[in-house]
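In our numbering, the protein residues as written are -13 to 118. C-beta: ideal position from N, C-alpha, C; glycine also. Predicted model, so just to flag it, every value in this text is computed and none were measured. Here is the structure we will look at.
Written as structure tokens, this is what we have:
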């Protein structure tokens, strides 16, 4: 694959759509932004999730327990092309509800995208706590 000169714009658009779907609890659009074989490494979980289906199962359990995203803001975006994939890094401020309790998180996230037939899909997500 030869990247187009505007690959950063396309990756940024894909990332913005993913974050917007997450922020609005649009489950179907959010998970459609990931490839089926995507992997996930979240500091809040004891093990990695090794597929989109595995993450969606956890997400469904969270929602059944009253989980909802109330807000999500991305900042300090950096995008690089690494061979056949693009690496999207950013800081993320998220406000969520678990049952009746609201929590705010400041985190750093890396999302790896690969071009799948002209569409950039996320194939790996790594979330870390923001250092204080």
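Between residue 51 and the set 72, 83 and 37, the nearest pair of CA atoms involves 83. Distance between residue 28 and residue 103, taken at the CA atoms: about 28 Å.
For residue 38, the number of other beta carbons within 10 angstroms of its own is at least 16, and it is reported as buried. Just measuring C-alpha positions, the residue of 59, 45 and 9 sitting nearest residue 30 is 45. Around the beta carbon of residue 64, a 10 Å sphere encloses fewer than 16 other beta carbons of the protein chains shown; the residue is thus reported as exposed. Residue 54 sits exposed, since fewer than 16 C-beta atoms from the chains shown fall within 10 Å of its C-beta. Listed in chain order, the non-local C-beta contacts of residue 57 below 6 Å within the same chain comprise 81, local neighbours out to five positions each way being set aside.
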